[in-house]
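Enquirer:
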Amino acid sequence: MEPIHVTLPDGKVQEVPKGTTPADIAKRISPRLADAALVARVAEPNDGAGELIDLRRPLEHDVKLQILTEKDPDALFVFRHSAAHLLAAAVMELYPDVKLGIGPPIDTGFFYEFLRNDPFTTEDLAKIEAKMHELAAQDLPNERKLMPKPEALELYKKNDQIFKCELVEEKAEDPLVSFYTTGKFIDFCRGPHIPSTKRIHAFKLMSVAGAYWKGQEGNPQLQRIYAACFFTQKELDDHLHRLEEAKRRDHRKLGAELDLFSIQEEAGPGLIFWHPKGGLIRTIVENWLREELQKRGYDLVYTPHIMRRDLWNTSGHTGFYKDNMFGPVEVEKAEYQLKPMNCPGHILIYKSKLRSYRDLPVRLAELGTVYRYERSGVLHGLLRVRGFTQDDAHIFCTPSQIESEVEACVDFAFAVMKNFGFDKFEVELSDWDASHPENYAGKPEDWHRATAALADTMQRMNIPYKKIVGEAAFYGPKIDVKLIDAIGRPWQLTTVQFDFNLPARFALEYVGEDGARHQPLMVHRALLGSVERFFGILVEHYAGAFPLWLAPVQVEICPVSEKVIDYAKHVTETLKRHGVRVHLDDRNEKLPAKIRDAQMQKIPYMLVVGGKEAEAGTVSVRHRSKGDLGPRPLSDFVDALGQETESRAIS
Ligand SMILES: [Zn+2]
Ligand SMILES: [Zn+2]
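Heads up, the sequence shown stops at 651 in the numbering used here, and the numbers go up one at a time, no gaps.
1. Ala88: buried (16+ other C-beta within 10 angstroms of its C-beta) or exposed?
2. Bridge partners for Asp160 per DSSP, in chain order?
3. Report the three-state DSSP secondary structure of Ala472 (helix, strand or coil).
4. Confirm, please, whether the CB-CB distance from Ala40 to Gln66 is below 8 angstroms.
5. Is Asp187 near ligand 1, going by C-beta to nearest heavy atom under 7 angstroms?
6. From what residue to what residue does the alpha helix (DSSP H) around Ile308 run?
7. Relative to the C-alpha of His448, which residue among Thr108, Ala434, Ala211 is closest?
8. In the DSSP assignment, find the alpha helix (DSSP H) that holds Lys277 and state where it starts and stops.
9. Can you give the Cα-Cα distance for Ala36 and Thr181, rounded to whole angstroms?
10. Should Asp392 be listed as close to ligand 2, given that the test is whether its C-beta is under 7 angstroms from any heavy atom?
11. Check for me: the alpha helix (DSSP H) holding Asp237 runs from which residue to which?
12. From the DSSP output, which residues share a beta bridge with Ala144?
13. Measuring only the C-alpha atoms, how far is Gln401 from Met458?
14. In angstroms, rounded to a whole number, what distance separates the CA positions of Glu426 and Val63?
15. DSSP three-state label for Glu123, please.
16. Measure the Cβ-Cβ separation of Gly101 and Leu135 and say whether it is below 8 angstroms.
17. Could you check if Val329 is buried or exposed, using at least 16 other CB atoms within 10 Å of its CB as the buried criterion?
18. Please find out if some non-hydrogen atom of ligand 2 comes closer than 7 angstroms to the beta-carbon of His524.
19. Am I right that Cys397 and Leu521 are in contact with their C-beta atoms under 8 angstroms? What's the rounded C-beta distance?
20. Take Lys198 as the anchor and find which of Met307, Gly215, Val560, Gln138 has the nearest alpha-carbon.
21. For the region 243–260 against the region 492–510, do three or more pairs of beta-carbon atoms, one drawn from each stretch, fall closer than 8 angstroms, so that the two count as touching?
22. Starting from the N-terminal side, write out each stretch of the beta strand (DSSP E) that is 3 residues or longer and does not extend beyond the region 411–455.
23. Go to Cys189, then tell me how far its alpha helix (DSSP H) extends in each direction, as first and last residue.
24. Mind the definition here: the region 264–272 touches the region 366–385 only if three or more C-beta pairs lie below 8 angstroms; say whether that holds.
25. Flag this pair as touching only if the region 142–151 and the region 164–179 have three or more C-beta atom pairs under 8 angstroms; answer yes or no.
26. Between Glu454 and Lys478, what straight-line distance do the alpha-carbon atoms span, to the nearest angstrom?
27. On the three-state DSSP scale, how would you describe Ala211?
28. Please name the residue or residues paired with Tyr226 in a DSSP beta bridge.
29. Whole angstroms are fine: how far does the CA of Leu222 sit from the CA of Leu115?
30. Please report how far the alpha carbon of His394 lies from the alpha carbon of Leu641, in whole angstroms.
31. Taking DSSP's pairing of strands, which residues face Met522 in a bridge?
32. Can you grab the Cα-Cα spacing for the pair His518 / Val511, in whole Å?
33. Report the start-end ranges of each alpha helix (DSSP H) in the region 308–350 that is 4 residues or longer and not cut off at the edges.
34. May I ask you to report which of helix, strand or coil DSSP gives Val557?
35. Which term fits Pro22, buried or exposed, when burial requires 16 or more other beta carbons within 10 angstroms of its beta carbon?
36. Please name the residue, chosen from Lys594, Asp160, Gln643, Leu508, that lies closest to Arg346 on a Cα-to-Cα basis.
What follows is the structure in structure tokens.
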């Protein structure tokens, strides 16, 4: 047998007989690796990417080979795909008449689709899950089989698997069609798969949802069984726990319970009504931000919500951004456009007079409300809406100022996150794809300089970041900051973007030191992103229990009986005079009911006042999470509260 050469990731080359499998090579490397191996990646000797193949697939020529274990994210997808086959195998055993659709891996697990007259019930899911465990325990091998196309079609026709016939007709290109068997189950599939079923145990069938075949309305409706699936039980448990927590924290649910905001069908989808309590929190957030903007050298501006459509032709939005805009409005034979972005407005303010290098940088900030068209199907509470307010700013500066401006933006972003109680984050630097310059505005030297400026800034600030090629906006590279919330979910928040495009389109200028006209650089940046979305994130991060400085009601006064109502009013008035947001519960209810309701509203402090407190001039302090803190003189409590609010403490 002629030998082939297999190059391993460490550069070592093994000479093995043709037909050797990745599994054989794993065994030669170490029994531990052979045991942990799930799938292999092979690439041509001179090619980077390569493809995933089964461990039992014979190697036919010289390749680069990598054995993947649980440590590799790609292996997880293969693992989940194999689990999807296991689901189909279990369903076919229990309900042999179902017709099979497709079963791909997804983000946290997999699904498989079935056509069946009766809907799958919760009991059915339990039965299927038990059958999956039973089959998995049999350690059934996932075996690849090749079949001529006519034979494959015959097989599926015989079993009346209409959708599979359709798939084989469409997708099978080679004369030989590849199938995978798992015990008695056989599925048309390109693979690859993990060697057998024994490792698949950490899964849970989550739900059933209707889905049209191939996602096309008018096609038969299949039932999709969704499952969560991980390598280990611990990962699955953590995931399920996070889901529970996410449900508990859902801002749509809390928004209604705490009376923060609403979306009204009468007004239209994706448009937010801020109720008094939500509106109060928003005001506090915005006031803090405005103060900070001024401290950091920004000028606050306001620009119109609707402007001539011609302006959006100049900016390029009617071309590049058309699908996201509301339609034009005609006024006196001219077309006007509801703004999807604030940039052109700020540009017009910049252009309103001749600028000198001494005026730069010009930093124009606006809490600017924009309107974007989103399909109604993708709208989601406060997170995906049609009208929202950006904490937007545009910085116009000289090339020599760009690094310090970017640094100041990133520093500002971190100050914002810290202020609102977020201490974990991820930073991404999105660069262009240099192999496709036609997709971008700006010259290669602009891109190199801008990306280098961003990278240098991150390094100087000691901020670890991930560089992502091809993710830049068409007009320039950007830095994105994602915060990680209380239950570990990342949220895209801040974005700092270079722009080579708009300064050129609007012919922006400044007079340089040399007396000549130059084009300024432009940076777009939003720190919170959208105020609506940020508020949704805050609600979920704190599960509605806002820190004292943000809480719409900070203190609930709970008199134990009618008899002490005068003292209760005195306490209420005293707190109000000190600027505390306080509410007196003067209902004719028992104390436990008052406390329970205040707890439900997540009010930070409850002050219990009875005869003893009235006599001593004290209040009995109760905190929503720390519980009973005992009696304190009223004036002491007022001072402590003032300090906690001032310091914007997070607790
Ligand atoms: Zn498959
Ligand atoms: Zn902008």
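All C-beta atoms, glycine included, are put in the ideal place defined by N, C-alpha and C. Small disclaimer: the values here were computed from a predicted structure and weren't measured.
Expert: In this structure, then:
1. Ala88 comes out buried.
2. Per DSSP, none; premise fails for Asp160.
3. coil
4. yes
5. yes
6. Inspection of the sequence shows that residue 308 is occupied by Arg rather than by Ile. Careful: Arg308 lies outside any alpha helix (DSSP H), inside the beta strand (DSSP E) at 306–308.
7. Ala434
8. 276–295
9. 22 angstroms
10. yes
11. 233–249
12. It should be noted that the sequence gives Arg, not Ala, for residue 144. In the DSSP output, where bridge partners are listed per residue, Arg144 has Tyr180.
13. For Gln401 and Met458, the gap between their C-alpha atoms comes out near 16 angstroms.
14. 36 angstroms
15. helix
16. no
17. exposed
18. Checking every heavy atom of ligand 2 against the Cβ of His524, one is found closer than 7 angstroms.
19. That belief holds up - the Cβ atoms of Cys397 and Leu521 are roughly 6 angstroms apart, short of 8 angstroms.
20. Gln138
21. no
22. 424–431
23. Premise fails: Cys189 is in no alpha helix (DSSP H) and is neither H nor E.
24. yes
25. yes
26. For clarity, residue 454 is Leu in the given sequence; the question names Glu instead. Using only the alpha carbons, I get a separation of about 8 angstroms.
27. strand
28. Phe111, Ser207
29. 5 angstroms
30. 38 angstroms
31. Phe396, Asp499
32. 6 angstroms
33. Correct list: 309–315, 317–320.
34. The displayed chain sequence assigns Ile, not Val, to residue 557. In the structure shown, Ile557 sits in a strand (DSSP, three-state: E or B).
35. buried
36. The displayed chain sequence assigns His, not Arg, to residue 346. Ranking the options by Cα distance to His346, first place goes to Leu508.
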